[in-house]
Amino acid sequence: MPAKSFRDRDVISVKDLTKADIQKILQVAQQLKKKPRPELLKNKVMASLFFEPSTRTRLSFETAMERLGGRVVGFAEAGVSSSSKGESLYDAMKIVGQYVDVIAMRHPVEGSARRAAESTDKPVLNGGDGANQHPTQTLLDLFSIYETQKKLNGLEVAMVGDLKYGRTVHSLASALTHFGARLHFVAPEMLQMPSYILEELKAKKIKYSLHEEIDEVINKVDILYMTRIQKERFTDPLDYERAKDVYVLTKDHLAKVKKNLRVMHPLPRVNEIATEVDATPHAYYFEQAENGLYARQALLALVLGKIK
Amino acid sequence: MKKDIKIEEMKKLRPFRVFAIERGTVIDHIPAGKALTLVKVLKLPAHNKIVTLGLNFKSKKGGQKDIVKVEGKELSQEEVNQVAILVPTATINIIRNYKVADKFKAKMPKMIEKLLVCPNPNCITRQEEVITKFYPAAKKKDEYDFRCHYCERNFPEEEIIAEINNK
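Order-wise, the sequence lines are chains A and B.
Start counting the first sequence at 0; every next residue gets the next number (numbering that gives the first Met the number 0).
Start counting the second sequence at 0; every next residue gets the next number (numbering that gives the first Met the number 0).
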């Protein structure tokens with residue numbers, strides 16, 4: 000099935016994207032990375048509406064637009080928007096939609112991006128709605144996996160850390176079901192992947208296994224996706240003390256790994272990847288963040304109908 | 000033996016515990032304990048019709064069941080959908096002239112609008128006036144999860160019903 004036309008489409012949740020859609024976005028991202036198009040979105044205006052601060056996502060969206068020749072208006076925190084005066088999100092977005100060609104938004108309330116998309120005909124790109132969705136993160140993750148492995152199908156992928164509350168790992172696991180990945184989930188028992196994700200994997204016949212130590216899987220995987228374990232997730236501080244060092248990746252872990260192994264992380268990193276790993280050929284988290292620029296450029300070009 | 004006479008009188012009254020109705024709706028095969036929620040959700044007391052509630056009847060299929068009878072009112076399609084959401088096992092009998100004119104099983108709709116409240120306090124539907132939408136997904140036979148169109152979270156039936164009861 001070919002990808003549906005992207006023109007004027009909203010990108011709210013990775014679940015709205017088919018396998019063909021994802022492949023199309025990655026293909027365009029790669030094109031734009033290889034060959035910049037500084038005039039492509041000339042005379043187009045993007046609203047960058049950040050109702051909660053997220054410097055990296057905001058700068059990535061805004062740079063993506065500017066590097067394609069478009070312009071950006073918006074705000075970086077809710078205090079300066081009309082929502083602080085009690086205006087509904089629906090009304091606010093309807094008005095903004097009349098000014099601009101495309102909207103990139105982040106909002107702390109879950110479902111806000113879907114609601115915003117209902118208020119305007121202009122395409123809405125979700126840059127994160129509370130704990131719910133952050134589809135551009137998943138797309139840049141997939142793009143990075145594709146770039147480093149030259150394929151998406153049939154890869155061995157391990158996800159490490161806080162898998163219970165981590166939005167990025169939920170969406171990535173769900174997106175990888177399109178590509179027949181073999182998944183390994185490494186986490187303390189209380190932070191393991193939630194059962195509804197495991198059910199989804201079973202229903203789609205995706206093989207997975209649960210682990211408590213990085214060493215159990217690291218030598219057989221192609222991608223090691225690290226996430227941060229947050230202290231506030233633990234009810235017992237002692238449990239945190241036990242868990243925090245177990246899920247720190249060091250150079251020693253990498254002694255016998257596959258040559259093509261790449262370590263990814265949605266960032267910010269705190270201490271879960273030792274800085275000594277940065278200089279190894281396996282580290283890919285900084286390039287991964289850079290890829291956000293191309294994934295977002297691809298979406299902007301597609302929903303504005305400038306690349307078909 | 001005044002006490003025995005009383006018991007005899009009570010026994011005579013037994014057929015009346017569920018009396019036949021001339022016209023209306025009988026909702027049967029409600030799992031025991033759910034009839035009260037159903038009456039509340041269908042807002043039956045507000046219709047000013049006679050509603051008879053039967054709790055903890057013996058079910059032919061084993062276990063206990065509840066029955067709700069509404070006189071002089073046939074359920075609308077929307078109301079039938081509401082029954083399906085709460086009690087997918089229910090059978091709906093439409094009674095006309097003391098006879099069962101129509102009998103069907105409640106059928107879960109593909110999408111449920113307005114009726115449900117999202118249990119997630121951080122969902123946009125709880126912060127602003129938004130018409131809710133939920134998608135039911137069968138877990139097992141007659142057992143559903145409900146996914147919110149907005150926050151995309153899945154909720155088991157118990158959590159959804161708890162919200163209805165809190166309304």
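Ideal Cβ placement from N, Cα and C applies to all residues, glycine included.
For clarity, every value in this text was computed on a predicted model and none was experimentally measured.
Three-pair Cβ contact test at 8 Å for the stretch 29–49 of chain A versus the stretch 147–157 of chain A:
Of all C-beta pairs linking the stretch 29–49 of chain A to the stretch 147–157 of chain A, fewer than three are shorter than 8 Å, placing the two stretches out of contact.
For L115 of chain B, which residues from the same chain have a beta carbon less than 8 Å from its beta carbon, with the 5 sequence-adjacent residues on both sides left out?
Sequence-distant partners of L115 of chain B (beyond 5 residues in either direction) whose C-beta falls short of 8 Å from its own C-beta, in its chain, are I84, T131, F133, F145, I159, E162, I163.
Looking at the structure shown, is P265 of chain A part of a helix, part of a strand, or coil, going by DSSP?
P265 of chain A falls in the coil class under three-state DSSP.
Check each residue of the stretch 113–141 of chain B: if its Cβ is closer than 7 Å to any Cβ of chain A, include it; give the result in chain order.
Residues N119, N121, C122, I123, T124, Q126, E127, V129.
Own chain partners of D141 of chain B with C-beta closer than 7 Å, once the 5 adjacent residues on each side are dropped
If the five residues before and after D141 of chain B are omitted, its C-beta is found closer than 7 Å to the C-beta atoms of P87, T88, all from its own chain and listed in chain order.
CA-to-CA distance, Q81 of chain B to K106 of chain B, given in whole angstroms
Distance between the alpha carbons of K106 of chain B and Q81 of chain B is about 9 Å.
Quick check on the DSSP output: the alpha helix (DSSP H) that includes M92 of chain A runs from which residue to which?
Residues 88–98.
For V256 of chain A and E211 of chain A, what's the separation of their Cα atoms in angstroms?
Approximately 18 Å, taken between the alpha carbons.
Might you give, ordered along the chain, the residues of its own chain that have their beta carbon closer than 8 Å to the beta carbon of Y283 of chain A, omitting 5 neighbours on each side?
Excluding residues within five positions, the ones whose Cβ falls inside 8 Å are S143, T147, R261, V262, M263.
Given 8 Å as the limit, is there contact between the stretch 58–75 of chain A and the stretch 173–189 of chain A, that is, 3 or more CB pairs closer than that?
Not touching, per the Cβ criterion.
Nearest by alpha-carbon distance to L154 of chain A: which of A:Q191, A:K219, A:K201, A:H133 is it?
Measuring C-alpha to C-alpha distances from L154 of chain A to each of A:Q191, A:K219, A:K201, A:H133 identifies A:K219 as the nearest.
Give the DSSP-derived three-state secondary structure of P155 of chain B in the structure shown.
In the three-state reduction of the DSSP assignment, P155 of chain B falls in the strand class, which pools E and B.
Distance, E188 of chain A Cα to Q136 of chain A Cα
Using only the alpha carbons, I get a separation of about 26 Å.
Once DSSP output is grouped into helix, strand and coil, what is the label at T226 of chain A?
Reduced to three states, the DSSP call for T226 of chain A is coil.
One question on the structure: do R227 of chain A and E271 of chain A come within less than 8 Å of each other, judged by their Cβ atoms?
In contact: R227 of chain A and E271 of chain A (Cβ atoms closer than 8 Å).
If distances are taken between C-alpha atoms only, which option among A:E51, A:P267, A:S4, A:R57 comes closest to D20 of chain A?
Among A:E51, A:P267, A:S4, A:R57, the Cα nearest to that of D20 of chain A belongs to A:S4.
Coil, strand or helix - S75 of chain B by DSSP:
Secondary structure of S75 of chain B (DSSP, three-state): coil.
What does a CB cutoff of less than 7 Å around L25 of chain A pick up in its chain, not counting 5 residues either side in sequence?
Shown here for L25 of chain A: same chain residues with a beta carbon closer than 7 Å to its own, the five before and five after excluded, namely L141, F142, Y145 in chain order.
K39 of chain B versus K68 of chain B: straight-line alpha-carbon distance, rounded
K39 of chain B and K68 of chain B have their C-alpha atoms roughly 14 Å apart.
Nearest-angstrom Cα separation, counted from P118 of chain B out to A297 of chain A:
Here the alpha carbon of A297 of chain A sits roughly 36 Å from the alpha carbon of P118 of chain B.
Cβ-based neighbour list, V99 of chain B, same chain, cut-off 6 Å, excluding 5 preceding and 5 following:
Answer for V99 of chain B: N92, listed in chain order.
For Y164 of chain A and A19 of chain B, what's the separation of their Cα atoms in angstroms?
Roughly 55 Å between the two C-alpha positions.
Flag this pair as yes or no: are the beta carbons of N131 of chain A and E109 of chain A separated by less than 8 Å?
Closer than 8 Å, so yes.
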